[in-house]
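Engineer: In UniProt numbering, the protein residues as written are 1 to 713. Idealized CB from N, CA, C, for every residue including glycine.
#1: So residue 520 and residue 536 are in contact, right, with Cβ under 8 angstroms, and what is the actual spacing, rounded?
#2: What separation, rounded to the nearest whole angstrom, lies between the Cα atoms of residue 354 and residue 447?
#3: Grab me the residues of residue 368's own chain with a C-beta within less than 7 angstroms of its C-beta, minus the 5 sequence neighbours each way, in chain order.
#4: What separation, rounded to the nearest whole angstrom, lies between the Cα atoms of residue 505 and residue 473?
#5: Report the three-state DSSP secondary structure of residue 333 (helix, strand or coil).
#6: So residue 600 and residue 647 are in contact, right, with Cβ under 8 angstroms, and what is the actual spacing, rounded?
#7: If I measure Cβ to Cβ from residue 614 and keep anything under 7 angstroms in the same chain, skipping five residues before and after, which residues do I get?
#8: Apply the 10 Å Cβ neighbour rule to residue 583 and answer buried if 16 or more other Cβ atoms are within range, or exposed otherwise.
#9: Go ahead and label residue 97 buried or exposed: buried means 16 or more other beta carbons lie within 10 angstroms of its beta carbon, across all protein chains shown.
#10: With a 10 Å radius around its C-beta and 16 neighbouring C-beta atoms as the bar for buried, classify residue 667 as buried or exposed.
#11: Taking residue 209 and residue 171 to be in contact with their CB atoms under 8 angstroms, please state how far apart those CB atoms are, rounded to whole angstroms.
#12: Are the CB atoms of residue 266 and residue 342 nearer to each other than 8 angstroms?
#13: Go through its chain and collect everything with a Cβ distance to residue 51's Cβ below 8 angstroms, but skip five positions before and after it.
#14: Give me the Cβ distance between residue 496 and residue 528, rounded to the nearest whole Å; I'm assuming they're in contact under 8 angstroms.
#15: What residue range is occupied by the uninterrupted beta strand (DSSP E) comprising residue 633?
#16: Does DSSP put residue 317 in a helix, a strand or coil?
#17: Sort 643, 56 and 454 by Cα distance to residue 593 and report the nearest one.
#18: Check whether the stretch 452-464 and the stretch 347-367 are in contact - that is, three or more C-beta pairs closer than 8 angstroms.
#19: Just checking, does the stretch 82-92 make contact with the stretch 54-61 on the three C-beta pairs under 8 angstroms criterion?
#20: Whose C-alpha, out of 539, 468, 605 and 167, is nearest the C-alpha of residue 562?
#21: Which stretch, first to last residue, makes up the beta strand (DSSP E) that contains residue 35?
#22: So for residue 193, helix, strand or coil by DSSP?
#23: Give the DSSP bridge partners of residue 420, in chain order.
#24: Under 8 angstroms, do residue 412 and residue 440 count as touching if we go by C-beta distance?
#25: Would you kindly check if the distance between the Cβ of residue 294 and the Cβ of residue 235 is under 8 angstroms?
#26: Could you tell me the alpha carbon to alpha carbon distance between residue 284 and residue 308, rounded to whole angstroms?
#27: So if DSSP puts residue 230 in a beta bridge, which residue, or which two residues, is it bridged to?
#28: Roughly how many angstroms separate the alpha carbons of residue 128 and residue 157, rounded to a whole number?
#29: Cα-Cα, which of 374, 686 and 195 is closest to residue 590?
#30: Where does residue 262 land, buried or exposed, given buried means 16+ other C-beta within 10 angstroms?
#31: Secondary structure at residue 275, three-state DSSP: helix, strand or coil?
#32: Under a Cβ-count criterion, where at least 16 other Cβ atoms within 10 Å of its own Cβ denotes burial, should residue 66 be classed as buried or exposed?
#33: Tell whether a beta-carbon distance below 8 angstroms holds between residue 251 and residue 348.
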């Protein structure tokens with residue numbers, strides 16, 4: 001490369017130093033080359049000349065090129081082994097002799113990239129400061145291959161100062177020298193030789209930016225700092241890796257040839273701008289190998305896996321298995337033999353489409369069911385070659401004829417795919433002893449357009465109904481009747497009616513009482529007449545909401561006999577057969593009470609309106625010259641007893657009568673016990689009130705006795 005023509009301001013002194021003043025340094029005399037991308041590299045035509053010198057005669061010198069389409073002749077000429085139109089962005093040439101080895105990089109760029117590429121390589125503006133400031137230090141970029149072998153330290157470059165100040169020393173600093181990772185590079189402070197102390201790893205650190213200074217004996221900086229760039233040249237030391245697994249792809253059966261299934265992408269940690277990371281893909285193995293050992297193809301550059309067999313062979317139902325496993329290889333160096341490889345497994349599943357309709361295993365099914373019974377009577381079996389895990393296999397059954405009364409239903413068994421035909425309304429042998437159903441079967445998913453359901457997707461079911469001895473049936477059921485309570489014993493309530501559904505058997509029916517909670521009823525076993533055996537009482541605890549319920553049996557003469565149950569509801573009408581009751585029957589009052597309202601009396605009646613309230617409250621006639629109390633009606637159900645004067649401490653019985661509103665009315669005579677007590681300091685003492693002081697009843701009885709004695713001496 002003609003550096004001076006590219007950069008006319010480059011100081012002449014530095015060029016002289018580079019060309020004439022340097023000692024022999026083992027390795028390539030120029031480590032970076034620039035060539036323009038031609039239309040085609042022509043076979044055996046020299047491309048450029050590389051100069052390698054191990055400073056000891058180059059004994060057993062050997063060259064290796066990263067791209068196998070190129071080689072370096074013994075005289076250093078780089079030539080193509082064949083016509084090559086695409087060689088990538090860079091070539092690397094490794095030279096080795098008995099005493100030295102080195103790496104050179106050949107950059108291949110377009111014509112418009114030439115100027116910028118050289119400026120980037122040499123970093124003239126950043127490193128040399130041209131033309132703003134003249135520097136005496138020349139620190140050209142250093143390129144070092146990664147993974148070099150011992151011995152170390154190994155010389156990799158040289159820094160030159162044009163000013164030969166006596167006692168001047170070079171000093172190197174930066175990351176890799178006095179900063180972590182420390183001690184990788186060092187400089188001979190006298191000669192300016194730069195050396196590396198151990199192998200480098202480009203994938204860990206690809207570039208080092210160091211600074212070079214020139215100091216005097218006291219450590220004072222004479223010149224600098226000047227930037228020294230060290231770039232690590234990539235070697236193919238990383239295998240491709242598949243990091244995104246597991247890799248699973250799906251393709252529909254019958255897909256056209258060339259259908260893309262999935263993409264496999266590998267990663268290579270080497271320099272992406274070199275062939276070290278240029279990957280090519282290949283299928284190493286396919287399992288299983290039928291119906292073709294080459295069912296799929298992978299695009300070597302993109303990693304796209306596509307089908308290569310005809311749609312006919314991509315038939316899930318004829319395959320040994322719908323799952324294929326491909327061992328995919330990714331190889332760097334553009335797939336050449338020298339490349340490193342990595343592998344991964346791609347799993348490809350052949351997805352089912354509904355290209356097979358379900359078909360019944362036979363055209364006619366038989367079933368037998370007893371009349372009056374419900375439940376599954378037969379399982380209809382079908383075959384379907386599609387995937388059992390999909391709607392293309394799952395069956396849907398429909399009864400299309402023979403079910404006008406909706407007595408039958410059919411459902412799919414999700415495990416077996418069978419059609420479970422059930423009786424949901426009990427069948428009657430006397431109405432029909434045979435039933436014929438026409439049933440069709442379809443899939444949950446629609447069939448593909450060129451497939452249709454055929455005759456095998458319909459079947460007939462012949463159902464035979466078996467006769468059983470059915471129990472008699474009451475008409476109506478339940479039976480209802482309304483009667484007054486207290487009707488005479490032996491009164492007819494009603495005559496029940498039961499018939500035998502088995503009309504062809506001509507059986508007789510007998511009746512009996514099944515449940516009669518109050519034991520009020522009997523039934524004639526022959527004609528079903530129900531009569532009373534006791535008084536019907538509406539107020540009985542066996543009557544709920546004025547209704548009495550009894551159960552009767554109708555038993556036919558079959559063998560064994562069958563029984564039917566009938567329910568009778570008797571609504572009882574109320575009659576006035578209960579006297580009203582009075583409450584409370586005990587009251588207390590103080591002998592010096594100012595409020596002489598003794599008690600409020602209430603009345604209740606078990607009967608229903610109008611045989612209850614309004615009630616009439618009365619006191620029996622009071623004897624003596626003075627009346628002691630009176631009763632006053634408060635409302636239809638309550639009255640108040642009031643003393644007309646304070647009484648002495650004692651017990652008093654007050655006769656009270658209460659009469660309901662029934663027709664005829666009923667009266668209840670009750671004595672209200674009144675205790676007159678002494679009350680002191682808010683305490684009531686009734687202990688001395690045990691002696692009856694006045695009793696209207698006793699007075700009347702005494703008078704009646706005297707009257708009888710005087711009338712009948």
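Structural biologist: Once the coordinates are examined:
#1: 6 angstroms
#2: 5 angstroms
#3: 464 and 466
#4: 15 angstroms
#5: helix
#6: At roughly 19 angstroms, the Cβ-Cβ gap does not stay under 8 angstroms, so residue 600 and residue 647 are not in contact.
#7: 636 and 661
#8: exposed
#9: buried
#10: exposed
#11: Actually they are not in contact, since the Cβ atoms of residue 209 and residue 171 sit about 16 angstroms apart, beyond 8 angstroms.
#12: yes
#13: 28, 29, 30 and 76
#14: 4 angstroms
#15: 629-633
#16: helix
#17: 643
#18: yes
#19: no
#20: 468
#21: 32-36
#22: strand
#23: 379 and 411
#24: no
#25: no
#26: 16 angstroms
#27: 142 and 208
#28: In this predicted model, residue 128 has a pLDDT of only 35, less than 50, meaning its place in the structure is not dependable enough to derive any value.
#29: 686
#30: buried
#31: helix
#32: buried
#33: yes
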